[in-house]
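Okay, structure first, notes after.
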Amino acid sequence: MLSRYIPVSLLDEVKEKICCVPNLNHYRGPFGVDMMIVRDDSQLLLHPCVEINLRRTMGHVALALSPADDDIRKVMRIDYEDNNYKLRIRKL
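Numbering follows my numbering, in which position 43 of the sequence shown is assigned residue number 58; successive positions increment by one, without gaps.
This is the structure:
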């Protein structure tokens, strides 16, 4: 899904770097890295690490509750317009 916006090779590179963080290879348990795709002028960039969570997150919950049918796909986007943030969700 993200390959529409950024190269998959970039995600693979970020994943490899995160997995090589010292002391992380000894951790056992829930693990999540919040990332963001951001627009800078006319290009889209990946913010690779907004937050690291060593606990269950809403992402874990969303994946656990997601329907087995992959036909339901949506993109959530937060826009900044007129001094306000606006949440937009659209089907793919």
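Even for Gly, the Cβ is constructed at its ideal location relative to N, Cα and C.
Best match in the options for proximity to residue i [C-alpha to C-alpha]
{"i": "residue 53", "options": "80, 107, 67, 17", "result": "17"}
{"i": "residue 29", "options": "64, 105, 97", "result": "64"}
{"i": "residue 95", "options": "36, 25, 34, 55", "result": "55"}
{"i": "residue 43", "options": "49, 34, 50, 51", "result": "34"}
{"i": "residue 41", "options": "69, 26, 23", "result": "69"}
{"i": "residue 75", "options": "47, 27, 67", "result": "47"}
Element boundaries [beta strand (DSSP E), containing residue i]
{"i": "residue 29", "result": "Where residue 29 is concerned, there is no enclosing beta strand (DSSP E), although the alpha helix (DSSP H) it sits in stretches over 23 to 34."}
{"i": "residue 108", "result": "The question about residue 108 has no answer, for the chain in this structure spans 16 to 107."}
Cβ neighbours of residue i in the same chain (closer than 8 Å, five flanking residues each side left out)
{"i": "residue 93", "result": "100, 101, 102, 103"}
{"i": "residue 21", "result": "52, 59, 60, 61"}
Own chain partners of residue i with C-beta closer than 7 Å, once the 5 adjacent residues on each side are dropped
{"i": "residue 71", "result": "45"}
Host alpha helix (DSSP H) of residue i (start-end)
{"i": "residue 73", "result": "73 to 80"}
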